[in-house]
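Protein sequences, first through last, are from chains A and B. Terminal number for the first sequence in this note's numbering: 174, no gaps in between. Terminal number for the second sequence in this note's numbering: 705, no gaps in between.
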Amino acid sequence: MSKYVVTHNSAECIGCKACEVQCRSLHNGGAGAFFCRILTVEQSEPRPSLGFVYTSCFHCENPWCVKACPTGAMRRREDGIVYVEKKFCVGCKACITACPWAAPQWNPDTGKVDKCDLCRDRIDQGLRPACVTTCAMSCLGFTVPSEASQERRQHFAEQIQKLRPTTR
Amino acid sequence: MNGNQLTHSICGMCSARCPITVETCNDTVKMIYGNMHSPLKGALCARGVAGKALLEDNERPQSPLIRQGERGEGKWRAVSWDEALDYVAQKITEAQNKYGKQTVLWSDREGPFADLSRGFMRGLGSPNVCSHSPSCDLNTHHACKAVLGLGRGMTVYDFANAKHLVLQTRNIFEAINLGEARTVMQALRKGCKLTVIDIRQSITSSKADTFHIIRPGTDYAFNLAVINTLISENLYNKEYVRAHTTGFDALAAFVAPYTAEWAAQECGVEARAITDLARALAAAAPQVIWHPGWMSSRYADSFQVGRTALVITALLGGTGTKGGIVPGRTPKDCGKPGLKKFVDLYPAVKLPRADGLGADNKAFDPGKGLLHKAFEAINNPPEGVPPVKVYMAWRHDPLQGFPDPDALKKKLDGLDLLVSATFSWSDTAWYADVVLPMSTYLERESIIAGKNGLKPQFFVRRRAVQPRYNTRADWEIISGLSRRLGLDDLAFDSPEAVWSFQLEGTGLTIEDFDAKGFIPLTDDALYIDPATYAFPTGSGKVELSSESFGKGFAESMGVSMLPPYVSPQSPPEGTFRITFGRVAVHTQGHTVNNPLLYEQVPENTVWINTDSAKKAGLKPGDRVRVLDARGGNMGEAGIKITSLIHPEAIFVVHGFGHDLPCESLAVDKGIADNKCLKGGLDLQDQGGGGLSLQEHFVSLEKVG
């Protein structure tokens, strides 16, 4: 299975875009190519709300983009990171079409596709992806699925505990 | 690690000065992030990250320039630093010989690195040092002085321990000071309640437990009614008020008519919104912060909005109390010596000021000054005061930050010399006679700064890479001028010499900053002891009616600390009150031309209420022109139609609508709200000195 997961605590996200801008400053994939993106969802009814959703690549266990790629440019490492070996990319965009979330990004300058590789150079040095390191509110997390699940359950448990009138 | 070099430094993308680490390799910046040794732990905002693009920007001033054509024509001669500094020094000397020492005016955005320039101006013998404050925090600063006796810089919000926080025109999650924003979020996680009062939805309001959209300009009414409720329902802390405050009886008598029912009408909220809030605050007291604002140059009574915010906090016992609003602590309070100061090299200048402070008005802080009044003195100085003929705009762009640039240009035309020291192009630099290009914060070091607060510390900005162009650090420019003007004590040859001057007597060396980039002076947060602490007001107590501050105004000025509420004018038919604010990815105007930030928000958008848009025939996707009160075209932009802005207002993000041809991205994008504020240089809050930038009306015209 894919080893890593990036988690997003949207309740504490302020949509400041530090993650996007850091990603762009490190991996310039060309105009309009955002390997990660914070999407803003705003509603006035039934009550005013403003929320943020972090989107990037899920680094699927069974990545359709890899299957769709005719040249073998789209690859998956043993640890589950899905990345583009750019010299083999011919710019057919089949991966963008195949991905349900259109995660692979088009670089108009090079005519190739590129995408989030979880900053594999950083991970190989024992660091976290740059978007996670830089996240202004530390609401992005870099972890493995089992720990992400445990963390969410712990948070839920604490909320439940707060609502209990007394403890015995 | 990866063999890259790490430089602990200080961000320069806005005035929050966050601690950063710059990773470099072969003099190239690889990555910028929050200093891991600081509470940021890697975190940084988008602007801080985008410093890389500022460094690589080839559209910033690249060498000293002397104007060739008319002011603002954009014809320059690139000159050497020697020629530029010789020229400026000679002009200063000539003007001082002709008009007097005070003819030199200096303005900047203050902050922790201002000591060297303050020393330089003392050395020159001119008292005319002003900050940008009248277009920013001056009302808040004076509100803090008036109630607590402390300036804004020494007024500390103990968010970490607060139980209820009220933010009123303080958009804490979009006008970001990152350490502060993170602390507030941590407090919210721990259960601190957040109430937001604004004229529109913001990201901050989206995180609030309670959010009130009020009629623009009625904050003072809201606050008076909260005070009224606290007193009439006996919700205030009587013991605290008796022991630690003055002026309660006068305050109580004054607020008696301002009931919640009355304010509800005025503000456009239910009376319950006010009484419920007062009761909720009383339940959370004394760990309560009603924030007096940061950028408070908004309405004619914004000083009173900030003043009453502090009064409410005090009535609940939150002033000076952990979890409330507390006095900052200094190195002395940590039992440590402070930095040696450059200002102490020369005696304080006793001459009368161009902005008139110190004469009729002894209340306002001369450390901040009244820059708009000092501009007046270029052509019409106060009696017995020489005119201002030399103006040094130091990392400051009043032609964008102050209202009505056309009127300001006419004033500046009376100068013999206008110098702009800047790392990016600005309207003021473009209008200058001499441009002294400053290195970006990644290419320069700064003097050591002392940060007061709950945990005082010293910190320093280090040079991470060498300058890309023929630019200099601020200390290099001031040293160069000092050398030419006979101020030898300020003519330093190296940053090490600057730093060792400052550290003399502290027992520290600059190498002590290497490990972390800063030196904490205490391990634990330092709170005052309420039993022995004397607030630096006239009475030593929290002054609910600001008696001491009020005495600083000559009687002829007619300034009251308890002024009756005046209802704001509703916009004339077909017009809107123009309001402005921030967005997280830009710092006013100076980041719009940064490619990484430009692509995030390339243009501002006019927010308009759904009903108003319907009335005006505007639909999503339309573009509008904004017309000022005289019908002048202030630029065009797209619109955002939302029910979450008060119908009397339109809103734009400040800093857009550039017209300098040298900024290829920013030019002609969006609306410059400051241009809409005709006559705005004369609209000042009498109690606090801030300019009233939201007392203007505009109309919209559909494009196409």
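All C-beta atoms in this analysis are idealised placements derived from N, C-alpha and C, irrespective of residue type, glycine included. In this text, all values refer to a predicted model and were calculated from it rather than measured experimentally.
{"query": "Any non-hydrogen atom of the ligand SAH closer than 7 angstroms to B/ALA360 Cβ", "result": "The ligand content of the structure shown is nil, which means the ligand SAH is not present either."}
{"query": "Coil, strand or helix - B/LEU482 by DSSP", "result": "helix"}
{"query": "The alpha helix (DSSP H) enclosing B/LYS615, as first and last residue numbers", "result": "611 to 616"}
{"query": "Residue ranges of each alpha helix (DSSP H) within the segment 99 to 156 of chain A, 4 or longer", "result": "100 to 104, 126 to 130, 136 to 140"}
{"query": "Contact residues within the segment 8 to 36 of chain A, judged by C-beta distance below 7 angstroms to chain B", "result": "GLU18, ILE20, GLY21, CYS22, LYS23, ALA24, VAL27, GLN28, ARG30, SER31, LEU32"}
{"query": "Cutoff 8 angstroms: B/ILE204 Cβ touching any chain A Cβ", "result": "yes"}
{"query": "Pick from A/GLU153, A/LYS118, A/CYS105, A/PRO114 that is closest to A/PHE94, judged by C-alpha positions", "result": "A/LYS118"}
{"query": "Buried versus exposed call for A/MET7 [16 or more other C-beta atoms within 10 Å across all chains shown]", "result": "At A/MET7, the pLDDT of 42 sits below 50, so the modelled position is not reliable; the number obtained from the coordinates is stated separately. The residue in question, A/MET7, is exposed, as its Cβ has fewer than 16 Cβ neighbours within 10 Å."}
{"query": "Residues from the segment 123 to 148 of chain A in contact with chain B, defined by Cβ distance under 9 angstroms", "result": "ASP127, ARG128, GLN131, GLY132, LEU133, ARG134, ALA136, VAL138, THR139, THR140, CYS141, ALA142, MET143, SER144, CYS145"}
{"query": "Cβ-based contacts, 8 angstroms cut-off: residues of the segment 211 to 242 of chain B near chain A", "result": "PHE212"}
{"query": "is_contact[A/PRO54, chain B] using C-beta, thresh 8 angstroms", "result": "yes"}
{"query": "Chain-ordered neighbours of B/ALA176 on chain A, where CB pairs are closer than 7 angstroms", "result": "The contacting residues do not exist; B/ALA176 stays about 11 angstroms from chain A at best."}
{"query": "Contact set between B/THR43 and chain A, taken where Cβ atoms lie within less than 7 angstroms", "result": "Note that residue 43 of chain B is Gly in the sequence shown here, rather than Thr. Within chain A, the residues near B/GLY43 are THR139, THR140."}
{"query": "From B/ILE214, B/LEU106, B/ILE21, B/PRO521, residue whose alpha carbon lies closest to that of B/CYS131", "result": "B/LEU106"}
{"query": "Three-state class that DSSP yields for B/PHE223 in the structure shown", "result": "helix"}
{"query": "B/SER546 versus B/CYS145: straight-line alpha-carbon distance, rounded", "result": "12 angstroms"}
{"query": "Residue burial classification, B/CYS137 (beta-carbon count within 10 angstroms, cutoff 16)", "result": "buried"}
{"query": "Residues sharing a beta bridge with B/GLN458, DSSP", "result": "B/LYS452, B/PRO521"}
{"query": "Alpha carbon of B/THR523 to alpha carbon of B/PRO569, nearest angstrom", "result": "47 angstroms"}
{"query": "Chain-ordered neighbours of A/SER50 on chain B, where CB pairs are closer than 7 angstroms", "result": "THR643, SER644, LEU645"}
{"query": "Which of helix, strand or coil DSSP assigns to A/GLU48", "result": "strand"}
{"query": "Chain A within 8 angstroms of B/ARG183, Cβ atoms only", "result": "yes"}
{"query": "Test item: CB-CB of B/ASP109 and B/HIS292 under 8 angstroms", "result": "no"}
{"query": "Below-8 angstroms beta-carbon distance, B/ALA253 vs any chain A residue", "result": "no"}
{"query": "Residues bridged to B/CYS131 [DSSP beta-bridge criterion]", "result": "B/SER108"}
{"query": "Per-residue contacts from B/SER425 into chain A (C-beta, under 7 angstroms)", "result": "Correct list: empty, because the minimum Cβ distance to chain A is about 18 angstroms."}
{"query": "B/SER10, DSSP secondary structure in three states", "result": "strand"}
{"query": "Alpha-carbon spacing of B/PHE460 relative to B/THR184, whole angstroms", "result": "20 angstroms"}
{"query": "Chain-ordered residues of the segment 583 to 595 of chain B with a beta carbon less than 8 angstroms from chain A", "result": "ALA585, VAL586"}
{"query": "Residues within the segment 53 to 65 of chain B neighbouring chain A, beta-carbon criterion of under 8 angstroms", "result": "LYS53, ALA54"}
{"query": "Opening and closing residue of the beta strand (DSSP E) in which B/MET635 lies", "result": "634 to 643"}
{"query": "Whether A/ALA136 touches A/ILE20 by CB criterion (8 angstroms)", "result": "no"}
{"query": "Contacting residues, own chain, Cβ-Cβ under 8 angstroms from B/ASN380 (five flanking each side not counted)", "result": "PRO388, LYS412, GLY415"}
{"query": "Neighbour list for B/VAL50 in chain A, Cβ cutoff strictly below 8 angstroms", "result": "ALA24, VAL27, GLN28, SER31, THR140"}
{"query": "Every unbroken alpha helix (DSSP H) inside the segment 488 to 571 of chain B [4 residues or more]", "result": "496 to 504, 548 to 551"}
{"query": "B/TRP426 - DSSP class collapsed to helix/strand/coil", "result": "coil"}
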